[in-house]
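Here is the structure we will look at, set down as structure tokens.
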């Protein structure tokens, strides 16, 4: 038998994870209902399957004084991945990409270069976020933190926000004009860029989320007094307010809107 690490009653807060509770007739479900049920079912079953195991080989070759690197990957145990199509696994990281296995080689072995090709290319910027990839980035925010301790903490807390709040955070940024939709992508606006530039790093660094989560866990476990935690927050807020008072931010000018119809029929908006 295999016991999943998710079974820990001491870490349950508002509710446990969403799990299937009964066998259902898939034929009676709509397409959307069937897709949601299938996701829940697969993730529930995956925790009881073995780990996914693979061998990764990296070869470094010296050719006329130039170093070349090739990597190969060969699956040993499919494990939990049996439940998921290849396209649905991973979040686009390099470790998730499938690479063909390399031939058997030994250190110091001489190889023959059969074909050489020189290509002139330019580096390209990262692809802009879509709503889906931005939610994934928020969930895996640890990738954007360099401090190993904070990185580990963010992995434990599932990043920024929760499954229930991440989409709402993005919607708030859209409503306030900090980001905008550009076809399928989400891009920052001049207003959003100015805001980030004006804020101190301590606010924009995802690692701060990890520190707050750690402190809240300490309060819950009795290792840190609530009054001490609130005192720290008050001190931090005072410093941030002082920083804001001493800072000057020039926001982009918004375009004025014309109300009414016809030439010269501009009206001023009034409030009552």
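Numbering (this note's numbering), first residue to last: 960 to 1231.
A virtual CB, placed ideally from N, CA and C, is assigned to each residue, including glycine.
On the DSSP bridge list, what partners appear for residue i?
i, result
"residue 1013", "1034"
"residue 987", "The partner list for residue 987 (beta bridge, DSSP) is empty, contrary to what the question assumes."
"residue 1022", "1025"
"residue 1145", "1088, 1140"
Just confirm the distance between the C-beta atoms of residue i and residue j, as a whole number of angstroms; I'd bet it's less than 8 Å.
i, j, result
"residue 1138", "residue 1168", "Not a contact, Cβ separation roughly 19 Å."
"residue 1098", "residue 1123", "Residue 1098 to residue 1123, Cβ: 12 Å. No contact."
"residue 1041", "residue 998", "At roughly 16 Å, the Cβ-Cβ gap does not stay under 8 Å, so residue 1041 and residue 998 are not in contact."
"residue 1188", "residue 1203", "No, residue 1188 and residue 1203 are not in contact; Cβ-Cβ is about 23 Å, not under 8 Å."
"residue 1006", "residue 963", "4 Å"
"residue 1032", "residue 1060", "7 Å"
Please report the distance separating the alpha-carbon of residue i from that of residue j.
i, j, result
"residue 1028", "residue 1019", "5 Å"
"residue 1001", "residue 1070", "45 Å"
"residue 1003", "residue 978", "6 Å"
"residue 1088", "residue 1121", "18 Å"
"residue 1164", "residue 1110", "12 Å"
"residue 1030", "residue 1022", "17 Å"
"residue 1157", "residue 1206", "8 Å"
"residue 969", "residue 1179", "12 Å"
"residue 994", "residue 1177", "39 Å"
"residue 1170", "residue 1191", "12 Å"
"residue 1161", "residue 1140", "27 Å"
"residue 976", "residue 1183", "28 Å"
"residue 1072", "residue 1017", "17 Å"
"residue 1198", "residue 1131", "26 Å"
"residue 1234", "residue 1152", "As shown, the chain starts at 960 and ends at 1231. That puts residue 1234 outside it, with no answer to give."
"residue 1081", "residue 1075", "19 Å"
"residue 1186", "residue 1108", "25 Å"
"residue 1250", "residue 992", "Outside the shown range of the chain (960 to 1231) lies residue 1250, about which nothing can therefore be said."
"residue 1181", "residue 1172", "14 Å"
"residue 988", "residue 996", "9 Å"
Would residue i be called buried (16 or more neighbouring beta carbons within 10 Å of its own) or exposed?
i, result
"residue 1112", "buried"
"residue 1101", "buried"
"residue 1125", "buried"
"residue 1195", "exposed"
"residue 1210", "exposed"
"residue 1104", "buried"
"residue 1127", "exposed"
"residue 1024", "exposed"
"residue 1166", "buried"
Under 8 Å, Cβ to Cβ, is there at least one residue of chain C near residue i?
i, result
"residue 1166", "Among the chains in the structure shown there is no chain C, since it carries only a single protein chain."
Is the region 1088 to 1104 touching the region 1143 to 1151, taking contact as three or more C-beta pairs under 8 Å?
yes
With a threshold of 8 Å, are at least 3 pairs of Cβ atoms found where one atom belongs to the region 1006 to 1014 and the other to the region 1029 to 1044?
yes
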